[in-house]
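For reference, the structure is listed below as structure tokens.
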Ligand SMILES: [Zn+2]
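Residue numbers (my numbering): 97 to 170.
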């Protein structure tokens, strides 16, 4: 279960996980498993299309952040 996550809950979780890293101003939220379009504020070169579920499970979907994260983890 846990699929009934509305946009307010998603944004609360996303901001507690990522702070101000991603820009959610342009999202059209349909469901937790429907892709949304977001943008990384640090790497705004490409729009990120990702489901809210994946966004919260991963580094957020920005491949540049992911690369930085991996680099720091070494
Ligand atoms: Zn990024």
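Glycine residues also receive a C-beta, built at the ideal position from the N, C-alpha and C atoms. Quick caveat, the model's predicted, so the values are computed rather than measured.
{"Asked": "Nonlocal neighbours in the same chain, by C-beta distance under 7 Å from residue 158, ignoring five residues either side", "Found": "136, 139 and 144"}
{"Asked": "Beta-carbon proximity check, residue 118 vs residue 156, cutoff 8 Å", "Found": "yes"}
{"Asked": "Where residue 160 sits in the DSSP three-state scheme", "Found": "helix"}
{"Asked": "Helix, strand or coil at residue 104 according to DSSP, with G and I counted as helix", "Found": "helix"}
{"Asked": "DSSP bridge partner residues for residue 143 (one or two, in chain order)", "Found": "135"}
{"Asked": "Nearest-angstrom Cβ-Cβ length linking residue 128 and residue 101, presumed shorter than 8 Å", "Found": "4 Å"}
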